Amino acid sequence: MNEKVIDLKFDKLDTNLAGNRLGNDVFAEQIEPYLEYNKVNIAVFPETIEDIASSFIEGMYKKLGEKYGKSKAIQIMLLDAKNKEAKEKISESIETFGV
Amino acid sequence: MEKAIYSLAEAINGLSSTQSDILNYVAIVISFIAIIVSIYSIRVQKNLNNVNLQSDFYIEIFGDYLKNKIPNSAKNLTYDCNGKMDNSYRNVSKVMFSMIRECGYFKYIDNSFYYTLREKVQDLDEYLVNLAGKRVMNKEEQQNNLISVHKEIEKIVLYINKKYQEY
Chain Z
19 MNEKVIDLKF
29 DKLDTNLAGN
39 RLGNDVFAEQ
49 IEPYLEYNKV
59 NIAVFPETIE
69 DIASSFIEGM
79 YKKLGEKYGK
89 SKAIQIMLLD
99 AKNKEAKEKI
109 SESIETFGV
Chain W
210 MEKAIYSLAE
220 AINGLSSTQS
230 DILNYVAIVI
240 SFIAIIVSIY
250 SIRVQKNLNN
260 VNLQSDFYIE
270 IFGDYLKNKI
280 PNSAKNLTYD
290 CNGKMDNSYR
300 NVSKVMFSMI
310 RECGYFKYID
320 NSFYYTLREK
330 VQDLDEYLVN
340 LAGKRVMNKE
350 EQQNNLISVH
360 KEIEKIVLYI
370 NKKYQEY
């Protein structure tokens, strides 16, 4: 399946992201309008983002999960990060708490 | 219990031949009491076995986290010279996440405990990520922040400990 990369943008002073609501807002503003449902959409956090709370990740998947179910949500959207530690955190959060 | 039932049967047999036999009536009553006590004892033993099993699982799952992993992850919490939390703060969430993954047994045995614990761990993670994202140069504020993190960790440890006491 084809991939579509969506580069996320944040204020340069933001290094850490937390909060279910903020995750939901970021999804709504920066991802949802650009989703292509026939592709695997990969939302990429920039290098400046060093840590991401599990609550934020949950918030990002909330709308998709409610609409399509949790399994389908992960098929539609994957999260990635240019910062190695943030990338690890994403993986651990999803493995521990799901989406 | 079989003995009690046998005694009861014998007493009832005796009752049919001499109706005024007080001893047989007493034997019947005592046999009934013995049967009830036996049934109750079996139920108590079953419950005890279940409690012991859960207690064993509890120690197996949480023991090392409470004794070693959680305290070790928290002992290196500190601020660096730039006013940011040292990267070792990440170990706290790593250990807590690992604990949640390993205690999935409680999702089915004690759903409420599992999901409350999960929520507490997510709250701690969010608190840490927020704190770690801020630059704090004031030493007193740094100290207060570190104390508050330890207090949040303590809440989780006490919650798990309290559950053990119920067993």
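Protein sequence lines, in the order shown, are assigned to chains Z and W.
Quick note on the working numbering: the first sequence kicks off at 19 and runs consecutively.
Quick note on the working numbering: the second sequence kicks off at 210 and runs consecutively.
From the three backbone atoms N, C-alpha and C, an ideal C-beta is built for every residue, glycine too.
Predicted model only: the values in this text are computed from it and were never measured.
Starting from A36 of chain Z and walking both ways along the alpha helix (DSSP H), at which residues does that stretch end? Position 18 of the first sequence holds residue 36 of chain Z. Segment: none, A36 of chain Z is in no alpha helix (DSSP H) and carries neither H nor E.
Please name the residues in the region 24-37 of chain Z whose beta-carbon is closer than 9 angstroms to at least one beta-carbon of chain W, in chain order. D32, T33, N34, L35, A36 and G37
Supposed contact pair L40 of chain Z and F74 of chain Z - C-beta distance, whole angstroms, cut 8 angstroms: Sequence index remark: in the first sequence, residue 74 of chain Z carries index 56 (1-based). Sequence index remark: in the first sequence, residue 40 of chain Z carries index 22 (1-based). With 8 angstroms as the limit, F74 of chain Z and L40 of chain Z qualify as a contact, their Cβ atoms being about 6 angstroms apart.
Helix, strand or coil at N59 of chain Z [DSSP, three-state]: The residue given as residue 59 of chain Z occupies position 41 in the first sequence. Three-state DSSP puts N59 of chain Z in a strand.
Exposed or buried, what is V253 of chain W when buried is set at 16 or more other beta-carbons lying within 10 Å of its beta-carbon? What you label residue 253 of chain W is simply residue 44 of the second sequence in a count that begins at 1. Exposed, since its Cβ has fewer than 16 Cβ neighbours within 10 Å.
Straight-line CA distance for Y373 of chain W to G313 of chain W? In the second sequence, residue 373 of chain W corresponds to position 164, counting from 1. In the second sequence, residue 313 of chain W corresponds to position 104, counting from 1. Cα to Cα, the separation comes out at about 16 angstroms.
Residue-chain proximity (A46 of chain Z, chain W), Cβ-Cβ < 8 angstroms: Translated into positions along the first sequence, residue 46 of chain Z becomes position 28. Not closer than 8 angstroms to any Cβ of chain W, the Cβ of A46 of chain Z fails to qualify, so no.
What is the DSSP secondary structure of I251 of chain W, reduced to helix, strand or coil? In the second sequence, counting from the first residue as 1, residue 251 of chain W sits at position 42. In this structure, I251 of chain W counts as helix in the three-state DSSP scheme.
Relative to the C-alpha of K360 of chain W, which residue among W:G272, W:K284, W:L217 and W:V235 is closest? Taking the first residue of the second sequence as 1, we reach residue 360 of chain W at position 151. It is W:K284 whose Cα lies nearest to the Cα of K360 of chain W.
Given a threshold of 16 other Cβ atoms within 10 Å of its Cβ, counted over all protein chains shown, does V358 of chain W qualify as buried or as exposed? To locate residue 358 of chain W, count along the second sequence from 1; it is residue 149. Per the 10 Å Cβ criterion, buried.
Classify E110 of chain Z as buried or exposed, calling it buried when 16 or more other Cβ atoms lie within 10 Å of its own Cβ. To locate residue 110 of chain Z, count along the first sequence from 1; it is residue 92. Per the 10 Å Cβ criterion, buried.
For V235 of chain W, count the other beta carbons within 10 Å of its own beta carbon; 16 or more makes it buried, fewer makes it exposed. Which is it? Here residue 235 of chain W refers to the residue found at position 26 of the second sequence. V235 of chain W should be labelled exposed.
A218 of chain W, buried or exposed, once every other Cβ within 10 Å from all chains shown has been counted against 16: Reading the second sequence from its first residue, position 9 is the one you call residue 218 of chain W. Result: exposed.
Quick check: the Cα distance between F271 of chain W and I309 of chain W, rounded to an integer number of angstroms? Translated into positions along the second sequence, residue 271 of chain W becomes position 62. Translated into positions along the second sequence, residue 309 of chain W becomes position 100. Spanning the two alpha carbons is a distance of roughly 10 angstroms.
What are the residues in the region 67-94 of chain Z lying within 9 angstroms of chain W by C-beta distance? E68, D69, I70, A71, S72, S73, F74 and E76
Counting along the chain, where does the alpha helix (DSSP H) carrying A341 of chain W start and finish? If you number the second sequence from 1, residue 341 of chain W lands on position 132. N320 to A341 is the span of the alpha helix (DSSP H), which, as asked, contains A341 of chain W.
Can you tell me where the alpha helix (DSSP H) with I49 of chain Z in it begins and where it stops? Within the first sequence, numbered from 1, the residue matching residue 49 of chain Z stands at position 31. It is not in any alpha helix (DSSP H) - I49 of chain Z carries neither H nor E in the DSSP assignment.
Which residues in chain W have a C-beta closer than 8 angstroms to the C-beta of E54 of chain Z? List them in chain order. Numbered from its first residue, the first sequence carries residue 54 of chain Z at position 36. The premise fails here: E54 of chain Z is roughly 30 angstroms from chain W at the closest Cβ pair, so nothing lies under 8 angstroms.
Put E21 of chain Z into one of helix, strand or coil per three-state DSSP. Mapped onto the first sequence, residue 21 of chain Z falls at position 3. Residue state, collapsed to three classes: strand.
Determine whether the beta carbon atoms of N339 of chain W and N34 of chain Z lie at a separation below 8 angstroms. Along the second sequence, read from residue 1 onward, the residue named residue 339 of chain W stands at position 130. Along the first sequence, read from residue 1 onward, the residue named residue 34 of chain Z stands at position 16. Against a cut-off of 8 angstroms, the Cβ pair of N34 of chain Z and N339 of chain W comes out as a contact.
Is the CB of F115 of chain Z under 8 angstroms away from at least one CB in chain W? As a position in the first sequence, residue 115 of chain Z is number 97, starting the count at 1. So, interface residue.
What residues are listed by DSSP as bridge partners for M294 of chain W? Taking the first residue of the second sequence as position 1, residue 294 of chain W is located at position 85. Note: M294 of chain W sits in a beta bridge opposite W:Y288.
Quick check: the Cα distance between E375 of chain W and F315 of chain W, rounded to an integer number of angstroms? In the second sequence, the residue the question calls residue 375 of chain W occupies position 166. In the second sequence, the residue the question calls residue 315 of chain W occupies position 106. Their backbone Cα atoms lie some 14 angstroms apart in a straight line.
Partners in chain W for E103 of chain Z, counting only beta-carbon separations shorter than 9 angstroms: Here residue 103 of chain Z is taken as the residue at index 85 of the first sequence, counted from 1. Here the neighbours are N296 and R299.
Contact set between R310 of chain W and chain Z, taken where Cβ atoms lie within less than 8 angstroms: Here the question's residue 310 of chain W lines up with position 101 in the second sequence. Here the neighbours are E113 and T114.
Does the region 41-49 of chain Z come within contact of the region 68-85 of chain Z, defined as at least 3 CB pairs closer than 8 angstroms? yes
In or out: R327 of chain W buried (at least 16 other Cβ within 10 Å) or exposed? In the second sequence, the residue the question calls residue 327 of chain W occupies position 118. With 16 or more other Cβ atoms within 10 Å, it is buried.
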